[in-house]
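**Student:**
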Amino acid sequence: MTAMKSDLVIIIDDREWVPEVLRNIVGHRRFGDITLRRRKLYHTLVDSLPISMRDNVFHLTQNDDCKALHDLFSASKTRISAFVISTRAAFQDSGDLEKLVLRLPYAYENFTDKRFQPLLAYFYDMHDLIVMWDLFSCSPITRWEKFWNDEAQLEVNRPIDLAKISDFLQYSSGSTETRHFNSVKIDSLYYTKSSEDRNKMKAEYCFYHLASERMKPWFVETFDFKEDNDQSSYRMMRYYFADAALQWIHNAFTEETFLPFIQRIMAFLSDRPQKAVDRDEMLQTTRELYVNKVEKRIKQFLDSHLGKKINLQLSASDAEFEIKHLQSRYLDIYRSLEKKLLLDSLCFGHGDPCFSNILYDQTHHFLKFIDPKGAVREEQLWTHPFYDICKISHSVLGNYDFINNDLFQVSFDDKNRLCLDLKCPDNQKLKNIFIEEIKKQKLDIKLIRLCEASLFLSMLPLHLDHPNKVMAFILTAKKILDEVQGEQ
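Mapping of the sequence shown onto my numbering: residues 423 to 910, in sequence order.
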């Protein structure tokens, strides 16, 4: 913002870094740089403002930014009102901030949301803030020791404070995006999941009750299953812990904290009950997961108008990106390695233990799996032993959670080939920890990665509502196949 376009300026104060209590979840960063629901908190605030007001936003990220703001106000010949809001402030209903800001032109007195260390403050006349400029220019209002006893207090549309661990976990629940065919409702005690896919809901509910006694402690108990004509639902007790995906994309893990996390996952994987099967059943299960599923999903993808369009864009960049070519490559590698996948036993499986389906607390090493694929009969609990492992791998080695949270860019390299640029830190040391733990289980990382490639190929038709994400999955699948083929 370089010039005033109205008599109201909105100051988004993003000078505050997250407190120690949140660093195990989102790392060391300013509040505005936290990514929730596929958006940084700063952009979430801006997008919640009335469109007509977004040009009058001033973004403070450091104390030095205050000088430019002061100069802007000093140059004004007319009265200016100021609305200061911290990036610590969040609204469960994004429309609440818009409603509040739309009422500001009719507010003729100063107000805050609370009397001590408010998250937001409105100044009818900027002069009232200028009087306190020495304090404001070196500290956000959320840290002042001043009591705002003379200002009116906001009665409705109050924000929650993301610096409080309980408020943060309440707001961030489900932050890694529920798929379009599911719906969730969250209150202080319970997490309610519902869907028009009634069979899916029943399977998720029954899974916990079909699991063996030694597996149940790893999962959140499901209860209160309900069915009606339109949808089904069930409930779970709510745990105030962040999912591992949120911690992973914010670089909150260190080598010291990531190791026990992965070791607990490996403890679960190695302790899963097994069921001996004959070669025919193992072959059928293996091919269903790693061949038939891939072929079915790719056909579904290419049968869609958008899938055809994406495939043309990719193949125009390089024929190696064409999806049928990648499918052929994948199946050729699979056939060369299939014998190594034909084990003696199936095992109990979660079905989708990606990081967003793992609740984890780094301090207390608390871990719970949520949202299993589901089962309504005991025989549906069993899967190929590698399947859950490759789901973990696609979060760690495949960068799935960065892609799923839009922390990437698909662009062109200097040879005009499409490439994937991930907005993630260098976490190779953490990836190496995972690889070492895989090796300790005497597992072939090449086989795990091949199965991981099948996941990215199988996801394509499920994410057509985000075309760039689909392109990122395809580029990732190709990269994995290149790596697996290079190791053969």
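Glycine included, C-beta positions come from ideal geometry on N, C-alpha and C.
What does residue 452 pair with, by DSSP beta-bridge criteria?
**Tutor:** Here residue 452 is taken as the residue at index 30 of the sequence shown, counted from 1. 439.
**Student:** On the criterion of 16 or more Cβ atoms from any shown chain inside 10 Å, does residue 826 qualify as buried, or is it exposed?
**Tutor:** Residue numbering aside, residue 826 sits at position 404 when the sequence shown is read from its first letter. Residue 826 should be labelled buried.
**Student:** As a quick exercise: from 450, 745, 469, pick the residue whose alpha carbon is nearest that of residue 516.
**Tutor:** Looking up residue 516 in the sequence shown gives position 94. The shortest C-alpha separation from residue 516 is found at 469.
**Student:** Only counting the same chain, and skipping five residues up and downstream in sequence, which positions put a Cβ closer than 6 Å to that of residue 587?
**Tutor:** For the purposes of this step, residue 587 is identified with residue 165 of the sequence shown, where counting begins at 1. Contacts found: 443.
**Student:** Along the alpha helix (DSSP H) that carries residue 680, what are the first and last residues, could you check?
**Tutor:** Your numbering for residue 680 matches position 258 in the sequence shown. Note, residue 680: alpha helix (DSSP H), 677-693.
**Student:** Excluding sequence positions up to five away, which residues of its chain have a Cβ less than 6 Å from the Cβ of residue 897?
**Tutor:** Position 475 of the sequence shown, counted from the start, is the residue given in the question as residue 897. Result list for residue 897: 842, in chain order.
**Student:** Tell me which residues share the same chain as residue 462 and place their Cβ nearer than 8 Å to its Cβ, disregarding the 5 neighbours each side in the sequence.
**Tutor:** On the sequence shown, position 40 is the one that residue 462 refers to. Cβ neighbours of residue 462 beyond the five flanking positions: 454, 455, 456.
**Student:** Could you check whether residue 877 and residue 853 sit closer than 9 Å to each other, using their CB atoms as the reference points?
**Tutor:** Locating residue 853 in the sequence shown gives position 431, counting from the first residue. Locating residue 877 in the sequence shown gives position 455, counting from the first residue. Residue 877 is positioned such that its CB atom lies no closer than 9 Å to that of residue 853.
**Student:** In chain order, what residues of the same chain lie with their CB nearer than 6 Å to the CB of residue 595, ignoring the 5 residues before and after it?
**Tutor:** In the sequence shown, counting from the first residue as 1, residue 595 sits at position 173. Excluding residues within five positions, the ones whose Cβ falls inside 6 Å are 608.
**Student:** Just the C-alpha distance for residue 540 and residue 534, rounded to the nearest angstrom, thanks.
**Tutor:** As a position in the sequence shown, residue 540 is number 118, starting the count at 1. As a position in the sequence shown, residue 534 is number 112, starting the count at 1. For residue 540 and residue 534, the distance between alpha carbons rounds to 6 Å.
**Student:** Give the DSSP-derived three-state secondary structure of residue 846 in the structure shown.
**Tutor:** Against the sequence shown, residue 846 aligns to sequence position 424. In the structure shown, residue 846 sits in coil (DSSP, three-state: anything other than H, G, I, E or B).
**Student:** Considering just the uninterrupted stretch of the beta strand (DSSP E) at residue 769, what are its terminal residues?
**Tutor:** By 1-based counting over the sequence shown, the position of residue 769 is 347. For residue 769, the enclosing beta strand (DSSP E) begins and ends at 767-770.
**Student:** Can you tell me where the alpha helix (DSSP H) with residue 490 in it begins and where it stops?
**Tutor:** What you label residue 490 is simply residue 68 of the sequence shown in a count that begins at 1. Run containing residue 490: 487-496, per the alpha helix (DSSP H) assignment.
**Student:** Taking the beta carbon of residue 778 as the centre, do at least 16 other beta carbons fall within 10 Å, making it buried, or is it exposed?
**Tutor:** Counted from its first residue, the sequence shown places residue 778 at position 356. With 16 or more other Cβ atoms within 10 Å, it is buried.
**Student:** Below 8 Å on the Cβ atoms is my guess for residue 523 versus residue 435; work out the distance and round it to an integer in Å.
**Tutor:** In the sequence shown, counting from the first residue as 1, residue 523 sits at position 101. In the sequence shown, counting from the first residue as 1, residue 435 sits at position 13. So it is not a contact: roughly 15 Å between Cβ atoms.
**Student:** Curious, which full-length beta strand (DSSP E) runs of at least 3 residues does the stretch 797-878 contain?
**Tutor:** Segments of the beta strand (DSSP E) lying fully in the stretch 797-878: 830-834, 840-844.
**Student:** Please determine whether the Cβ atom of residue 802 lies at a distance below 8 Å from any heavy atom of the ligand NAD.
**Tutor:** The ligand NAD is absent from the structure shown, which contains no ligand whatsoever.
**Student:** Who are the near neighbours of residue 472 in its chain, counting only those whose CB is closer than 8 Å to its CB and skipping five residues on each side?
**Tutor:** In the sequence shown, counting from the first residue as 1, residue 472 sits at position 50. The beta carbon of residue 472 sits closer than 8 Å to those of 520, 523, 524, all from its chain and outside the five residues before and after it, given in chain order.
**Student:** For a cutoff of 9 Å on Cβ pairs, would you count residue 490 as touching chain D?
**Tutor:** In summary, chain D is missing from the structure at hand, where a single protein chain is found.
**Student:** If I'm right that residue 628 touches residue 796 with Cβ under 8 Å, what's the distance once you round it to whole angstroms?
**Tutor:** Position 206 of the sequence shown, counted from the first residue, corresponds to residue 628. Position 374 of the sequence shown, counted from the first residue, corresponds to residue 796. Indeed they touch by this definition, with Cβ atoms about 7 Å apart.
**Student:** Looking only at its chain, what residues have a beta carbon closer than 7 Å to the beta carbon of residue 726, apart from the 5 residues adjacent to it on each side?
**Tutor:** As a first step, residue 726 must be located in the sequence shown, where it is residue number 304. Answer for residue 726: 883, 886, listed in chain order.
**Student:** Are the beta-carbon atoms of residue 661 and residue 781 separated by less than 9 Å?
**Tutor:** Within the sequence shown, the letter at position 239 stands for residue 661. Within the sequence shown, the letter at position 359 stands for residue 781. Contact: yes.
**Student:** How is residue 659 classed by DSSP in three states: helix, strand or coil?
**Tutor:** Walking along the sequence shown from the start, residue 659 turns up at place 237. The answer is strand: DSSP assigns residue 659 an E or B state.
**Student:** Quick one: what does DSSP say residue 587 is sitting in, helix, strand or coil?
**Tutor:** The residue given as residue 587 occupies position 165 in the sequence shown. It is helical.
**Student:** Which one of 492, 513, 526, 536 has the shortest CA to CA distance from residue 554?
**Tutor:** Indexing the sequence shown from 1 puts residue 554 at position 132. Among 492, 513, 526, 536, the Cα nearest to that of residue 554 belongs to 492.
**Student:** For the alpha helix (DSSP H) that residue 649 lies in, which residues bound it at each end?
**Tutor:** On the sequence shown, residue 649 is found 227 positions in, with the first residue counted as 1. First-last for residue 649: 644-649, but that is the beta strand (DSSP E), not the alpha helix (DSSP H).
**Student:** For residue 817, collect the residues of the same chain with a Cβ closer than 6 Å to its Cβ; drop the 5 residues on either side in sequence, then sort them by chain order.
**Tutor:** Numbered from 1 along the sequence shown, position 395 holds the residue referred to as residue 817. Hits under 6 Å: 776, 777, 823.
**Student:** For the beta strand (DSSP E) holding residue 783, just list the boundary residues, first then last.
**Tutor:** Reading the sequence shown from its first residue, position 361 is the one you call residue 783. It spans 780-783 - the beta strand (DSSP E) in which residue 783 sits, taken as one unbroken run.
**Student:** Tell me, please, whether the stretch 695-704 touches the stretch 866-875 by the rule of three or more beta-carbon pairs shorter than 8 Å.
**Tutor:** no
**Student:** Where does the unbroken beta strand (DSSP E) through residue 614 begin, and where does it stop?
**Tutor:** Numbered from its first residue, the sequence shown carries residue 614 at position 192. First-last of the beta strand (DSSP E) with residue 614: 612-617.
**Student:** Helix, strand or coil, according to DSSP, for residue 606 in the structure here?
**Tutor:** Residue numbering aside, residue 606 sits at position 184 when the sequence shown is read from its first letter. Residue 606 falls in the strand class under three-state DSSP.
**Student:** Quick check on residue 534: does DSSP put it in helix, strand or coil?
**Tutor:** Position 112 of the sequence shown, counted from the first residue, corresponds to residue 534. Reduced to three states, the DSSP call for residue 534 is strand.
**Student:** Closest to residue 430 by CA distance: which of 474, 792, 718, 448 is it?
**Tutor:** The residue given as residue 430 occupies position 8 in the sequence shown. Comparing Cα positions, the closest option is 474.
**Student:** Can you tell me which of 617, 632, 834, 821 puts its alpha carbon nearest to the alpha carbon of residue 650?
**Tutor:** The residue you call residue 650 lines up with position 228 of the sequence shown. In this structure, 617 is the residue among 617, 632, 834, 821 with its C-alpha nearest to the C-alpha of residue 650.
**Student:** Taking 7 Å as the limit between beta carbons, can you name the residues of its chain near residue 881, skipping five residues before and five after?
**Tutor:** Residue mapping note: residue 881 aligns to position 459 of the sequence shown, counting from 1. Taking C-beta separations shorter than 7 Å and ignoring five residues to either side along the sequence, the partners of residue 881 in its chain run 895, following chain order.
**Student:** Give every residue of the same chain whose Cβ lies closer than 6 Å to the Cβ of residue 667, excluding the five residues on either side of it in the sequence, and list them in chain order.
**Tutor:** Numbered from its first residue, the sequence shown carries residue 667 at position 245. Cβ within range, chain order: 598, 777, 778, 823.
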